[in-house]
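There are 2 protein chains.
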Amino acid sequence: MAAMKALIISADNFEDTELLVPYYRLKEEGIEVDIASMQTGSIRGKHGYEVAVTKSLKDVTPEAYDILILPGGKAPEAVRQEKKALDLARYFFNKNKPVAAICHGGQTLISAGLVRGRKMTCYRSVAPEMNEAGALYEDTEVVVDNNLISSRQPSDLPAFMREIMKILKLR
Amino acid sequence: MAAMKALIISADNFEDTELLVPYYRLKEEGIEVDIASMQTGSIRGKHGYEVAVTKSLKDVTPEAYDILILPGGKAPEAVRQEKKALDLARYFFNKNKPVAAICHGGQTLISAGLVRGRKMTCYRSVAPEMNEAGALYEDTEVVVDNNLISSRQPSDLPAFMREIMKILKLR
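And the structure:
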């Protein structure tokens, strides 16, 4: 079996731990991780961590990846404006491939029209928008609905990563 | 078997990911984690993350823990001045219990007189001090010498956590 690959889509002002904890965790398992963004070079988190952009968003071919991860922070405000990001999210849903969104990360899924009827969670302040888009919002540390894993905030990262490992059959 | 417990000793100006990544990773496994410090309330990382101090350093009873983790940043400069922290580190070494130090975390082990003859690594700028104290420094992402696991910097966290999981028999 070929090594697994994960795709993280983010942008400047990401929530640092919501990107870095999944990034390091997946690498612990030997999974190759691409960080894709609209800009090239590097992106910078709200807390000042810089991470290298390994893939330009426009060049991403989704067939290459086993999971899509959408961290939060202010980044999703920019990511959700990108048609390519929305198309990528739709691809994962169409193929029933795992998508994991935390905090504001779910905003990209709202803009892609993917949340109607789905059980999920998100950062508290995003909940009204999520409900309005037809999602079945739950205020709990992690929600798994078929291919979709979602969490609320950094303190949910242990539960978020546990479910990501389960869906990848790594635990 | 009783649930495992981990002890993190740190202080203000810790390197945020070097504390938070192990913290969340251990919680993912259902391990209870205490964060001990000289101060009470919370400690604040270099990048602004605040974490609650769950145990006053003076009240720590080391028998309760399966592993000691020493994150880096500027915190070890303060931690290494605390006799109680040095005594705790010596307890883990005497009992051959796992100790994992990353970056500047090893400075606490230097002050405790525990590094002579041990293969280990640390942040580049700490290497001269480590060699002088008799350690066998290696410039590599992770070094395991019996009970002691050490890494250099945040980008080594995947290898650091992989070895921590192995020593705890969780992988």
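Quick note, the sequences are listed as chains W and V, same order.
Using numbering that gives the first Met the number 0, the first residue of the first sequence is number 0, and each one after it goes up by one.
Using numbering that gives the first Met the number 0, the first residue of the second sequence is number 0, and each one after it goes up by one.
Using N, Cα and C, we set each Cβ at its ideal position, and we do this for glycine too.
If residue i sits next to residue j, beta carbons under 8 Å apart, how far is it from one beta carbon to the other, in whole angstroms?
i	j	result
F159 (chain W)	A99 (chain W)	7 Å
H46 (chain V)	D15 (chain W)	7 Å
S36 (chain V)	L56 (chain V)	6 Å
I101 (chain V)	D155 (chain V)	7 Å
S27 (chain V)	P70 (chain V)	The sequence shown places Glu at residue 27 (chain V), rather than the Ser named in the question. Not really, about 17 Å apart at Cβ, beyond 8 Å.
R24 (chain W)	R24 (chain V)	7 Å
Are the C-beta atoms of residue i and some chain V residue less than 9 Å apart?
i	result
P157 (chain W)	yes
Y122 (chain W)	no
V142 (chain W)	no
L6 (chain W)	no
R24 (chain W)	yes
L19 (chain W)	yes
Between the alpha carbons of residue i and residue j, how many angstroms are there, rounded?
i	j	result
I148 (chain W)	Q106 (chain V)	40 Å
S41 (chain V)	V50 (chain V)	5 Å
V125 (chain V)	S150 (chain W)	38 Å
S93 (chain V)	D65 (chain V)	Just to set this straight, residue 93 (chain V) is Asn in the shown sequence, not Ser. Approximately 13 Å, taken between the alpha carbons.
K118 (chain W)	K54 (chain V)	37 Å
V52 (chain W)	T39 (chain W)	6 Å
V59 (chain W)	G72 (chain W)	22 Å
R192 (chain W)	R43 (chain W)	Chain W is shown only over 0 to 170; residue 192 (chain W) falls outside these bounds and no answer can be derived.
V142 (chain W)	N12 (chain V)	34 Å
L85 (chain W)	A10 (chain W)	14 Å
V114 (chain W)	G116 (chain V)	58 Å
In chain order, what residues of the same chain have a beta carbon less than 6 Å from the beta carbon of residue i, not counting five sequence neighbours either side?
i	result
I7 (chain V)	I34 and I68
Y22 (chain W)	V32
R170 (chain V)	M164
P61 (chain W)	L87 and Y90
P97 (chain W)	I66, N146 and I166
N95 (chain V)	N146
Could you check whether the Cβ of residue i sits closer than 9 Å to any Cβ belonging to chain W?
i	result
Y136 (chain V)	no
M160 (chain V)	yes
T16 (chain V)	yes
G47 (chain V)	yes
M164 (chain V)	yes
E27 (chain V)	yes
L56 (chain V)	no
V59 (chain V)	no
L69 (chain V)	no
Looking only at its own chain, which residues have a Cβ that is under 8 Å from the Cβ of residue i, when we skip the five neighbours before and after it?
i	result
A2 (chain W)	G29, I30 and E31
Which residues in the same chain have their Cβ closer than 7 Å to the Cβ of residue i, if we skip the five residues on either side of it in sequence?
i	result
E81 (chain W)	M37 and L56
Q152 (chain W)	C102 and Y122
G133 (chain V)	V114, R115 and G116
Any chance the CB of residue i is under 8 Å from a heavy atom of the ligand NAD?
i	result
E140 (chain V)	Of ligands this structure carries none, so the ligand NAD is not represented either.
#### Entry: Length-filtered (4 minimum) alpha helix (DSSP H) runs lying within the stretch 87 to 135 of chain W
105 to 110 and 126 to 131
### Ordered list of alpha helix (DSSP H) runs contained in the stretch 12 to 85 of chain V, each at least 4 residues
15 to 27 and 74 to 78
### Query
Whole alpha helix (DSSP H) runs in the stretch 139 to 163 of chain V with 4 or more residues, listed along the chain?
none
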